[in-house]
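Chemist: Protein chains in written order, with the numbering used here: chain P, 19 to 441; chain D, 1087 to 1164.
1. Can you tell me which residues form a DSSP beta bridge with residue 250(P)?
2. Could you name the residues of the stretch 1135-1150 of chain D whose beta carbon sits closer than 8 Å to any beta carbon of chain P, in the order they occur along the chain?
3. Hey, does residue 1092(D) have any beta-carbon neighbour from chain P nearer than 8 Å?
4. Determine, for residue 1110(D), whether the minimum Cβ-Cβ distance to residues of chain P falls below 8 Å.
5. Just list the beta strand (DSSP E) runs in the stretch 1120-1152 of chain D, keeping only unbroken ones of 3 residues or longer that don't cross its boundaries, in chain order.
6. For residue 46(P), which residues in the same chain have their Cβ closer than 7 Å to its Cβ, ignoring the five residues on either side in sequence?
7. Relative to the C-alpha of residue 1181(D), which candidate in 229(P), 338(P), 375(P) and 295(P) has its C-alpha closest?
8. Alpha carbon to alpha carbon, how far is residue 302(P) from residue 1117(D)? Give it in angstroms, no decimals.
9. Which runs of the beta strand (DSSP E) at least 3 residues long sit entirely within the stretch 88-135 of chain P? Give them in chain order.
10. Go to residue 205(P), then tell me how far its beta strand (DSSP E) extends in each direction, as first and last residue.
11. Kindly list, in the order they appear in chain D, the residues whose Cβ is closer than 7 Å to that of residue 211(P).
12. Run through the stretch 341-426 of chain P for me and flag every whole beta strand (DSSP E) of 3 or more residues, listed as ranges in chain order.
13. Cβ of residue 1108(D) within 7 Å of any heavy atom in the ligand GDP?
14. With DSSP collapsed to three states, give me the class of residue 53(P).
15. Count the other C-beta atoms from every protein chain shown that fall within 10 angstroms of the C-beta of residue 419(P), then say buried if there are 16 or more, exposed otherwise.
16. Closer than 8 Å by C-beta to residue 32(P): which residues in its own chain qualify, once you throw out the five before and the five after it? Chain order, please.
17. For residue 1097(D), decide whether its Cβ has a neighbour in chain P, counting only Cβ atoms nearer than 8 Å.
18. I need the DSSP call for residue 331(P), collapsed to helix, strand or coil.
19. Using a beta-carbon distance below 8 Å, is residue 1119(D) in contact with chain P?
20. Which residues does DSSP pair with residue 186(P) in a beta bridge?
21. When DSSP labels each residue in this structure, what does residue 65(P) get in the three-state scheme?
22. Quick one, which of 324(P), 75(P) and 198(P) has its alpha-carbon nearest residue 234(P)'s?
23. Within 10 Å of its beta-carbon, does residue 12(P) have 16 or more other beta-carbons around it, so buried, or fewer, so exposed?
24. Tell me whether the beta-carbon of residue 389(P) lies closer than 8 Å to the beta-carbon of residue 404(P).
25. Do you know how far the Cα of residue 266(P) is from the Cα of residue 8(P)?
26. Can you tell which of 412(P), 391(P), 406(P) and 393(P) has the C-alpha that lies nearest to the C-alpha of residue 399(P)?
27. Taking buried to mean at least 16 other C-beta atoms within 10 Å of its own C-beta, is residue 1156(D) buried or exposed?
28. Determine the direct distance from the alpha carbon of residue 309(P) to that of residue 252(P), and round the result to whole angstroms.
Take a look at the structure:
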C-alpha cells in the first residue's frame, strides 16, 4: 500500500476540514464546569470546560464576549453553545463558544464552599488558634514542588532578605493523585521529626480550582490545624483562596511574600540593633557628663577650693580677741596701777613722819596726848617735843595766844588741813 | 540566663533597657548596671542574628526518621 506523506500543516488542515464539516460539531451545546478562566486584554476569553473525567479547551472571541451578559468565573457550571474546530498551530481542537449560559455553581466549587463553611463552624479558622511566627527563625521547612518558580522564588527572596537561615525542602506533588496525602504527611512528619524546624511554608503557584484542589482537602486542613509549628500558606494567586489559606497561621499572596513573612530583613535588624547600641553609648555618656558636671560644681565650691578659709577666719577672730584681751588687761593693770599710785601719793602725803621731815614736830603732854592748842597747856608743864629722830623734854615758859586763823597764810593752811582730815 | 534567650527575647530586653536608660530617673550606679546589661544584650542580639549560616537542604523521607541532604540552587529544575 502506497501512503502519501503529509506535512504537519497538511495533516492539521485535513483534520480541521473533517471537523468543521461534521454536522454535529458544527453547531453544538456542551455542559460542564468552568476553570482556568482568563480574560485576555485582546477581549477574547480563554477557558477550560470540564466534568469529572474530561476537559476541553475553549475560546470565546471578542465579537461574542461583547454580547455576554454574565461575568464568568472558575467553578461556574455552564452550558456553552458553539462549534468545534482545530487551532492548527498547536494541533489542538477546541470549542469556539458563541453563547454561555449559567447553570449554577460547579460541583467542586460547591464542595469547596461546603467544606469551608463546616470547618469555619468547627473553629478551624479561629484567630485564637493562630500561632505567632518566630521573629528570627533558624530553620524554615518548605513543603512544595521542586520544579517551577515557587521554590526558586522562596530561596532567592530568603537569601536576599535574611541570609542567616537554613531552608529545608520537603518535596511534594502539589496537584493530582496523592498530592493531598503527601502534603499531609509532610506537615505531620516535620512536626514529629528532630529537624528543629521553626516555621513551615506550604506553597504552590497559581492554577485552576482543580489544580489547587489538594489544598482544599479536609485532611490537609487538619494537618495544618494540628501542626505545632507555625505555618505560612502561599497557594495560588492573590485572588485564589484555598481552605489551606484559611487554616494556616498566616496567608501570603505569593511565595515571595511567604519568604518575606518568614524572615525579618537582615539589614534592618542589624541597623536597628546597631542604632540601639549607639543610643546606649550616647545616653550613658550623657548621663556621665551630667554627673561629671555635678561633681565639678561641687569640686569648685569655695569650701573645696579654699578649704582653710574658715580656719583662717577663725584664727583671725581668735587673734583679734587675743589682742582685745591684751588691750583690756593693759588697761585694767594701768588703771589699777594709777589708782595704787595715787593712793600711795595720798598715803604719803598723810604720813605724819613726812611732815616731821619738813621741820614740823609733834608736842605731847605727859599723858602722851598730842597738844593742839595753847589752851590745853600751862606754864611750867612738861611737854615732849617729838622729832623724826627723837624727842626733847621741854618746860613751858610762857603762853602767848595768837589768833593764827586771821593770818591769811595760816588760815589757808588750816582750811587745807581740815579738808585733808575729812578725807 | 541570657544564653537561653533567642534573638527576639534578647531584642525585647534590649529595647526595655534602652527605654529605661533614656527615660527613667536613675542613680549613676543603676545606670551603669543597665548600660552594661544593654551592651551584653546587644552583643547577644548580634551573635543571635548572625549565628546561622545559610544552607539549603532536601528532606529525605525514606526511613522512619526524616533526614537531610544538601541542595544547591543549580540542582533545581527550571
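Note that the Cβ used here is the ideal one computed from N, Cα and C, for glycine as well.
Modeler: In this structure, then:
1. Locating residue 250(P) in the first chain gives position 232, counting from the first residue. According to DSSP, residue 250(P) bridges with 219(P) and 268(P).
2. So the close ones are 1135, 1136, 1137, 1138, 1139, 1140, 1141, 1142, 1143, 1144, 1145 and 1147.
3. For the purposes of this step, residue 1092(D) is taken as residue 6 along the second chain, with counting starting at 1. True, the Cβ-Cβ gap to chain P drops below 8 Å.
4. What you label residue 1110(D) is simply residue 24 of the second chain in a count that begins at 1. Look at residue 1110(D): its C-beta is not under 8 Å from any C-beta on chain P.
5. Counting whole runs of 3 or more residues, the stretch 1120-1152 of chain D contains the beta strand (DSSP E) stretches 1141-1146.
6. Position 28 of the first chain, counted from the first residue, corresponds to residue 46(P). The residues are 100, 101 and 102.
7. Within the shown structure, residues of chain D are numbered from 1087 to 1164, placing residue 1181(D) beyond reach of any answer.
8. Translated into the one-based positions of the second chain, residue 1117(D) becomes position 31. Translated into the one-based positions of the first chain, residue 302(P) becomes position 284. Their Cα atoms are separated by approximately 7 Å.
9. Within the stretch 88-135 of chain P, the complete beta strand (DSSP E) segments of 3 residues or longer fall at 94-105 and 110-123, listed in chain order.
10. Reading the first chain from its first residue, position 187 is the one you call residue 205(P). Unbroken run through residue 205(P) is the alpha helix (DSSP H), 197-210; no beta strand (DSSP E).
11. Taking the first residue of the first chain as position 1, residue 211(P) is located at position 193. Under the 7 Å cutoff, chain D gives 1151 and 1152.
12. Given a length threshold of 3 residues, each whole run of the beta strand (DSSP E) inside the stretch 341-426 of chain P is given here in chain order: 380-382, 400-405 and 408-413.
13. You won't find the ligand GDP in this model; it holds no ligand whatsoever.
14. For the purposes of this step, residue 53(P) is taken as the residue at position 35 of the first chain. Looking at residue 53(P) - three-state DSSP - the assignment turns out to be strand.
15. Walking along the first chain from the start, residue 419(P) turns up at place 401. Burial state of residue 419(P) is exposed, judged by a 10 Å Cβ sphere holding fewer than 16 other Cβ atoms.
16. Taking the first residue of the first chain as position 1, residue 32(P) is located at position 14. Only 24 meet the Cβ criterion.
17. Along the second chain, read from residue 1 onward, the residue named residue 1097(D) stands at position 11. True, the Cβ-Cβ gap to chain P drops below 8 Å.
18. Within the first chain, the letter at position 313 stands for residue 331(P). In this structure, DSSP gives residue 331(P) a helical state, which the three-state scheme calls helix.
19. What you label residue 1119(D) is simply residue 33 of the second chain in a count that begins at 1. Using a CB distance cut-off of 8 Å, residue 1119(D) does not count as an interface residue toward chain P.
20. If you number the first chain from 1, residue 186(P) lands on position 168. Residue pairing by DSSP puts residue 186(P) in a beta bridge opposite 159(P) and 1143(D).
21. To locate residue 65(P), count along the first chain from 1; it is residue 47. Residue 65(P): strand per DSSP, three-state reduction.
22. For the purposes of this step, residue 234(P) is identified with residue 216 of the first chain, where counting begins at 1. Of the candidates 324(P), 75(P) and 198(P), the one whose C-alpha sits nearest the C-alpha of residue 234(P) is 198(P).
23. The structure shown does not extend to residue 12(P), since chain P is modelled only from 19 to 441, so the question has no answer here.
24. To locate residue 389(P), count along the first chain from 1; it is residue 371. To locate residue 404(P), count along the first chain from 1; it is residue 386. Against a cut-off of 8 Å, the Cβ pair of residue 404(P) and residue 389(P) comes out as no contact.
25. The displayed coordinates of chain P run from 19 to 441. Any statement about residue 8(P) would go beyond what the structure contains.
26. For the purposes of this step, residue 399(P) is taken as residue 381 along the first chain, with counting starting at 1. Ranking the options by Cα distance to residue 399(P), first place goes to 412(P).
27. Taking the first residue of the second chain as position 1, residue 1156(D) is located at position 70. So residue 1156(D) ends up on the exposed side.
28. Start at 1 with the first residue of the first chain, and residue 252(P) comes out as number 234. Start at 1 with the first residue of the first chain, and residue 309(P) comes out as number 291. A direct Cα-to-Cα measurement between residue 252(P) and residue 309(P) gives close to 56 Å.
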